[in-house]
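Numbering (UniProt numbering), first residue to last: 1 to 371.
Positions of the beta carbon are idealized from the N, C-alpha and C atoms, including for glycine.
All values reported here derive from a predicted model rather than from experimental measurement.
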C-alpha cells in the first residue's frame with residue numbers, strides 16, 4: 001500500500017521527529033510505501049508580513065526576537081538533516097492539502113502520533129480528521145493519536161464537525177487511556193489505547209542510528225532533558241547530581257533565539273537527533289519533564305525521574321507510567337525527591353515484558369487495519 005502519515009509539522013522537536021521516523025520504519029518493514037505529510041505554515045498575508053516586519057524592528061526593545069527564514073534554517077540545520085536522511089516526506093503542504101496529496105494516489109492515510117487532536121497545536125483541526133479525503137476510496141486510520149490532555153478542548157463547532165469525520169475512520173487508536181473515553185463521549189466512536197510509535201522500535205534500532213553516525217560518547221552520565229526551565233527544576237537536577245555523584249548532560253541549545261536574537265544564533269542551534277539519543281544511551285540516570293524524554297529513558301532501560309509538566313498535559317505521562325507500573329517515578333515538586341525514590345531500582349525485566357505485549361498489540365492493530 002501507498003500510505004501517507006499526518007502528524008504535527010516536523011521541526012526541532014526530538015520526540016516529534018523520532019515518532020515520525022519510527023512509524024515510517026514499522027510500516028516500511030511491513031512492505032508498504034510510506035510518506036509523511038510535509039506540513040508547513042500557511043503563507044502569510046501582506047498584513048501579516050507587515051506585522052511581522054514591525055515585530056522584528058521592535059524586537060531589541062521588547063526583548064522578543066522572531067527569526068527570518070534564513071535564521072530558522074541555521075537553528076534547525078541538524079534536525080532538518082535528520083528529516084532529509086531518515087524521513088520520506090511529501091511535497092510541502094500548506095492550505096491546499098487535497099491538491100498536493102492526491103498526486104501520490106495514496107491507498108491509506110494514518111493520523112498520528114503526537115498531539116494531532118489538540119486544537120491549540122493543530123492549525124486546521126479537520127485536516128487531522130481527514131476531511132480532505134471524503135469521497136475517496138481510501139483507508140482512514142488513527143494510530144496513537146493524542147488529545148494531549150484528559151480535558152475536552154474542542155469548540156462545539158469543532159466537536160460536531162470532527163465527530164462526523166471520525167465516524168468515517170476504519171480504525172482508531174489513541175496514545176492515552178483518557179483518549180479512549182474522549183473518543184466515546186465526544187466523538188461517538190470506539191478507540192483503543194496503543195503505544196507511542198517510538199516504543200514500537202527496540203533499543204537496538206536507535207543504537208544503530210547513533211553508531212551509524214559515529215556520535216562521540218558522553219563522559220557525563222546524568223542526562224537532563226527539560227523543556228520548560230524553572231528554578232525548582234534546576235534545584236532538582238542539582239540535588240540528583242549531588243546525591244548520585246553524576247555530572248549533568250544537556251543536549252539542547254544553550255540559548256533560545258526568541259530571547260537572545262541573532263547575536264547568539266550559533267548557541268541557538270539544536271544539536272543532532274543522534275546526539276540527543278546518545279545522551280540517553282550513555283546515561284546512568286535521567287531527569288526530564290518531557291513525554292518523549294520519559295519514553296527514551298524507558299527504551300534504554302535507564303533509571304529516571306520525570307517532573308510533572310501540567311501545562312503540556314499530564315495525561316500523556318500518567319497513562320504510560322500507569323501501564324508500565326512506574327507511577328512512582330513522577331514528581332510534582334522538589335519535596336517529592338526522596339532518597340527512597342532516587343535509589344530504588346526499576347524492574348525493567350517486568351517493564352520490558354509489558355512493552356513486548358503492548359508492542360505486539362500495536363503491530364497487530366496496524367496489520368489488521370491495513371488489510
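If I measure Cβ to Cβ from residue i and keep anything under 8 Å in the same chain, skipping five residues before and after, which residues do I get?
i: residue 365; result: 143, 171, 173, 192 and 194
i: residue 88; result: 24, 34, 35 and 36
i: residue 50; result: Because residue 50 sits at a pLDDT of 47, beneath the cut-off of 50, its placement in the model cannot be relied upon, and the point is left open.
i: residue 265; result: 71, 74, 75 and 257
i: residue 321; result: 294, 306, 327, 329 and 330
Roughly how many angstroms separate the alpha carbons of residue i and residue j, rounded to a whole number?
i: residue 32; j: residue 354; result: 27 Å
i: residue 22; j: residue 96; result: 27 Å
i: residue 220; j: residue 278; result: 11 Å
i: residue 109; j: residue 4; result: 5 Å
i: residue 138; j: residue 359; result: 26 Å
i: residue 204; j: residue 210; result: 10 Å
i: residue 179; j: residue 86; result: 30 Å
i: residue 238; j: residue 323; result: 30 Å
i: residue 24; j: residue 261; result: 35 Å
i: residue 7; j: residue 35; result: 11 Å
i: residue 27; j: residue 254; result: 36 Å
i: residue 20; j: residue 71; result: 25 Å
i: residue 319; j: residue 146; result: 11 Å
i: residue 372; j: residue 325; result: The structure shown does not extend to residue 372, since the chain is modelled only from 1 to 371, so the question has no answer here.
i: residue 351; j: residue 199; result: 12 Å
i: residue 80; j: residue 73; result: 8 Å
i: residue 123; j: residue 276; result: 28 Å
i: residue 361; j: residue 121; result: 28 Å
i: residue 356; j: residue 295; result: 14 Å
i: residue 263; j: residue 300; result: 37 Å
i: residue 207; j: residue 235; result: 31 Å
i: residue 231; j: residue 141; result: 42 Å
i: residue 392; j: residue 151; result: The question about residue 392 has no answer here: the residues shown for the chain are numbered 1 through 371.
i: residue 244; j: residue 115; result: 34 Å
i: residue 259; j: residue 132; result: 38 Å
i: residue 65; j: residue 332; result: 32 Å
i: residue 339; j: residue 92; result: 50 Å
i: residue 183; j: residue 117; result: 11 Å
i: residue 336; j: residue 327; result: 13 Å
i: residue 371; j: residue 284; result: 43 Å
i: residue 215; j: residue 298; result: 21 Å
i: residue 417; j: residue 136; result: The structure shown does not extend to residue 417, since the chain is modelled only from 1 through 371, so no value can be given for it.
i: residue 229; j: residue 246; result: 20 Å
According to the Cβ coordinates, are residue i and residue j closer than 8 Å?
i: residue 372; j: residue 273; result: Since the displayed the chain opens at 1 and closes at 371, residue 372 lies outside it and no answer follows.
i: residue 374; j: residue 330; result: Here the chain covers residues 1 to 371 and nothing more, so residue 374 does not appear.
i: residue 113; j: residue 202; result: no
i: residue 105; j: residue 2; result: yes
i: residue 157; j: residue 119; result: no
i: residue 302; j: residue 286; result: yes
i: residue 94; j: residue 101; result: no
i: residue 341; j: residue 307; result: no
i: residue 222; j: residue 165; result: no
i: residue 67; j: residue 334; result: no
Using a Cβ-Cβ cut-off of 7 Å (strictly less than) and excluding sequence neighbours within five positions of residue i, which residues of its own chain qualify?
i: residue 161; result: 126
i: residue 226; result: 233, 288 and 289
i: residue 291; result: 15, 316 and 317
i: residue 76; result: 11, 12 and 270
i: residue 250; result: 224
i: residue 218; result: 249, 278, 279 and 282
i: residue 313; result: 148 and 149
i: residue 177; result: 193 and 319
Within its chain, find whatever has a CB closer than 6 Å to the CB of residue i; leave out the 5 residues flanking it on each side and keep chain order.
i: residue 9; result: 39
i: residue 159; result: 186
i: residue 18; result: 198
i: residue 293; result: 225
i: residue 213; result: 274
i: residue 346; result: 303
i: residue 241; result: 222 and 248
i: residue 48; result: Because the pLDDT at residue 48 is just 49, under 50, the model does not fix this residue reliably, and the point stays unresolved.
i: residue 163; result: 187 and 188
Residues bridged to residue i by DSSP?
i: residue 287; result: 224 and 305
i: residue 5; result: 36 and 110
i: residue 277; result: None, per the DSSP bridge assignment.
i: residue 92; result: 38
i: residue 330; result: 306
i: residue 193; result: 174
Quick one: does residue i have its CB under 8 Å from some CB of chain B?
i: residue 180; result: Here there is only one protein chain, and chain B is not present.
Inset, instruction - Please go through the stretch 200-274 and give each complete beta strand (DSSP E) segment of 3 or more residues, from N-terminal end onward. - result: 222-225 and 248-250
Inset, instruction - Write down every uninterrupted run of the alpha helix (DSSP H) in the stretch 125-186 whose length is 4 residues or greater and which is fully enclosed by it, in chain order. - result: 156-166 and 177-182
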